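Right, one structure below, let's go through it.
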Amino acid sequence: MTIKGARLSEAIKVPPTPFPGLRPFEFHESQLFFGRDGQVEKLIDKLTDTRFLAVVGTSGSGKSSLVRAGLMPALVGGMMASAGSNWRTAVTRPGNDPIGSLALALNRPDVFGSDDHENTAIQIAVAKATLRRGSLGLVEAVRQTGMPEDQYLLVVVDQFEELFRFAREASRKTKDESDSYQNEAAAFVKLLLEAKSQREVNIFVVLTMRSDFLGDCATFWDLPEAINESQYLIPRLTRDQLREVITGPVALGGGGITTRMITQLLNDIGDNQDQLPVLQHLLMRVWDEWKEKRLEIEVKNDERIRKPHGEVHEGYAIDLCCYEAVGGMAEALSRHVDEAYNELPDDRHRRIAERLFKCLTERGEDNREIRRPVTLGEICAVAETSVSEVKTVVETFRLRGRSFLMPPAETPLDHNSVIDISHESLIRGWQRLNDWVDEEARSARVYRRLAETAELHREGKAGLWGDPDLQVALDWRKKNQPNEAWATRYYPGFETAMAFLQASEQKRSDDEAELERRQLAEIERAGRELEQARVLAEAQQQRAEAESQRAQEQQKRLEEQAKSATRLRRLITALIVIVLFALAAAVFAFSGYRRAERERGRAEQNKTRSRQLYYVANMNLAQQAYAAHDMTRVIELLSAHLPVANAPDEEDMRGFYWYYLWRNSDKETATLEGHAGAVMSVAFSSDGKTLASGGLDNTVKLWDASSGEEVATLKGHPGDVTSVAFSSDGKMLASGSDDNMVKLWDVRSGQEVATLKGHAATVYSVAFSSDGKT
């Protein structure tokens, strides 16, 4: 630090770290706010003309900082010529109670409030009642304070887009609550618009709002017109202005920074100027790292190094080593928050942290990251824990140098304190939170679908769930362990939904018990039939043995007769009588031969009967093994009757009961693994060679049915895939999803052919017409 730098920082009272991190710059930090030359003047010109100003920009473009550390100090400094410097500023956010938050902001000690706690509570209650009295409520509330005519009130509504989320909450409430939410949101807008239109009381209104919410302004009457009349869209910072953002606070803090470090930071930002909060956080981390290294250098040198004015000593300048040590632009934020997460005392507090951050963030229907401030008491209810445990988590994430949660560290917490993340950039920059937000969105979708179906079931318009929907919901309940405080955020009727799920589970258990009862009855009936068959087989075997014995005796007689015929042939030349006798004997022998052939046929039939008896006996043993749940023995007995390759052709004796036991022996052919979520639907192509499956990982997968190998993964749905179907020729595949769309795919190439839109809710089933055209 130079001598001049030290005196300057002491005079200005620079904080230990001249960078705020993720949170916006505050009023008292205006001396650290660089790079916005000329923009504050334009804000004041627009505000002077209309008394109403909407400061609009992308998330991370610096809207709040420009108003808090730029516009507000300029007004107090007298830069609005028509008003002077006598300003009171009420800064509020809509949050979960827009009018209540405004009443609280008006009655802070530095606005119209009292230092006496009891008086302040009364003033806030009176202000709320006045604000809710009508569209001129804000004007009347200010008039009641007796504010002198030469004083001016600036009402700053930061994060105005929270009002749109508050209004959308109406769709998740009961009818009475819904009307209340919608009415309060509309009344809040009217308070601001009426205040800027009148001239009896000196009230000026400034909003900060993300530009991607501009279209939502049409929800409220007269708001689009007011914004069109006086809107300031924050421009991009030039490279030189970004350089000031970096070097200004460094110099003011008495530090130095190398040229290559500045170049690295400027290149990191590039055209992504929504990364300004991430840049501020990175600079804060780099500054802290540099301070530690500078202290090490001073200790090693045993004395402070004096430098001429303007010179930065190599050992004192912020350089790339500090940048790399904290993880650079890509990882600094995620590493830093993970450090805080890992410092939590135990796994219980880490689970509370997960619930807390899931409460504070939301991914909207249009995939936008949304902050969702809630009270500490609400977090306790959702996490089912105590105030002290939640405080431990919050304090860990808002220590000095960790501006991840609001309010700031110096603000005491109680049950009613409103907790919020410091910026949406935390969702994008902290991978763990990004994953949590996705998990929460999926969990909310499952619950909303469950609650909607439960409501329809109560009205007699839907039946209880079966698999796979039921199993998905049961797995969701086991993993997330939802409670009513959590569910209220997304859809009413938690108790009805849980009762519906329990009834569906009970029905499945009853159905399984009934199926098992029927199977046992079938097995018992088959056992009786087998016993009857066994008795019959034994009788047939005895008859077959007797017939075989008679056949053997007849064969012996025939053999003796054949021998006699041979002797007679030798004597034919001697006696004609003997010849005639021999001829007669030959005829008789032929007849005996025919009888022997018939007996041999009977022997073959007996052999077949023996194989049948063997089959029947094995079926009887297999039935006993099945009843004893010995599936290995069942398979062994059934396998004895499988056809044998290259063996002599024999009659296939397998019948209904063989196939019944084979099917119920849980003999698995193949297991296809690859989906990252539950599989909701499967379908075979007409030739049976290809299997398609859709799941909760937003993908459709194609499999080779013979080998079980994955052939292709079809991606394109932003929501869960609930149904798949092949065309009759197997060339096209249709898929339905809870993103309200149907997609058509070319099976051979895996390319998406068309997206069919028109449904206003989840598509649960798809099917092709027989000609494949519809």
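First residue of the sequence shown? That's 0 in this note's numbering, and the numbers climb one at a time after it. The C-beta atom is built at its ideal place from N, Cα and C for all residues, glycine as well. Computed from a prediction, not measured in an experiment: that's the story for all the values here.
Residue i versus residue j - alpha carbon distance
i: F159; j: T57; result: 13 Å
i: E117; j: A124; result: 11 Å
i: E515; j: L529; result: 20 Å
i: K45; j: L192; result: 16 Å
i: T391; j: R362; result: 26 Å
i: P372; j: S84; result: 33 Å
i: S692; j: N663; result: 24 Å
i: Y490; j: L74; result: 44 Å
i: P481; j: G459; result: 26 Å
i: V633; j: T689; result: 31 Å
i: V699; j: K714; result: 7 Å
i: D221; j: R50; result: 15 Å
i: D770; j: S727; result: 7 Å
i: Q539; j: S547; result: 12 Å
i: N182; j: V138; result: 19 Å
i: A616; j: A639; result: 12 Å
i: W464; j: E483; result: 21 Å
i: I304; j: I420; result: For I304, the predicted model reports a pLDDT of 43, less than 50, meaning its position is unreliable and no value from the coordinates is stated.
i: M71; j: F26; result: 7 Å
i: E377; j: N266; result: 42 Å
i: P234; j: Q279; result: 18 Å
Given residue i as reference, the closest of the options once Cα atoms are compared
i: T721; options: R334, I378, S734 and F163; result: S734
i: A611; options: D651, V633 and R594; result: Note that residue 611 corresponds to Gln in the displayed sequence, not to Ala. When only C-alpha atoms are compared, the closest one is D651.
i: T218; options: T689, L637 and A186; result: A186
i: K127; options: L103, V765, S134 and M146; result: L103
i: C321; options: E368, I256 and Y763; result: I256
i: K506; options: G462, R527 and R533; result: G462
i: L355; options: S333, A382 and H335; result: A382
i: A324; options: K290, V633, H348 and A352; result: K290
i: S685; options: A352, A724 and A443; result: A724
i: W744; options: K756, M731, L755 and D738; result: M731
i: T452; options: R549, R476, R427 and S503; result: S503
i: D48; options: F203, E454 and I522; result: F203
Segment limits, beta strand (DSSP E) that includes residue i
i: G676; result: Careful: G676 lies outside any beta strand (DSSP E) and carries neither H nor E.
i: R370; result: E368 to R370
i: G693; result: T689 to G694
i: Y231; result: Q230 to L232
i: D745; result: M740 to D745
i: V156; result: Y151 to V156
i: V723; result: V720 to F725
i: D419; result: V417 to I420
i: L732; result: M731 to S736
i: E751; result: E751 to K756
Buried versus exposed, by CB contacts within 10 Å (16 or more), residue i
i: A68; result: buried
i: F655; result: exposed
i: E310; result: Residue placement at E310 is poorly supported in this model, since its pLDDT is 41, which falls under 50; the coordinates are not used for a value here.
i: Y658; result: exposed
i: L519; result: exposed
i: L701; result: buried
i: E224; result: exposed
i: N697; result: buried
i: R87; result: buried
i: T237; result: exposed
i: N341; result: exposed
i: S81; result: exposed
i: V534; result: exposed
i: R747; result: exposed
i: D413; result: exposed
i: K492; result: Note that residue 492 is Gly in the sequence shown, not Lys. It counts as buried.
i: A675; result: exposed
Residue i - containing alpha helix (DSSP H), residue span
i: K357; result: D346 to L359
i: I143; result: The amino acid occupying residue 143 in the given sequence is Gln; Ile does not appear at that position. First-last of the alpha helix (DSSP H) with Q143: G136 to Q143.
i: Y446; result: Q430 to R457
i: Y659; result: F655 to R662
i: F24; result: First-last for F24: undefined, no H or E at that position.
i: A630; result: Here residue 630 is Met; the residue named in the question, Ala, does not match the sequence. Note, M630: alpha helix (DSSP H), M630 to S638.
i: T384; result: T384 -> no alpha helix (DSSP H), and no H or E assigned at all.
i: D651; result: From DSSP, D651 is part of no alpha helix (DSSP H); its letter is neither H nor E.
i: V249; result: R238 to L251
For this session: Please go through the segment 167-226 and give each complete beta strand (DSSP E) segment of 3 or more residues, from N-terminal end onward.
Result: You should have 202-209.
For this session: Go through the segment 34-114 residue by residue and report every complete run of the beta strand (DSSP E) that reaches 3 residues or more, in order.
Result: Taken in chain order, the complete beta strand (DSSP E) segments of 3 residues or longer contained in the segment 34-114 are 51-56 and 86-91.
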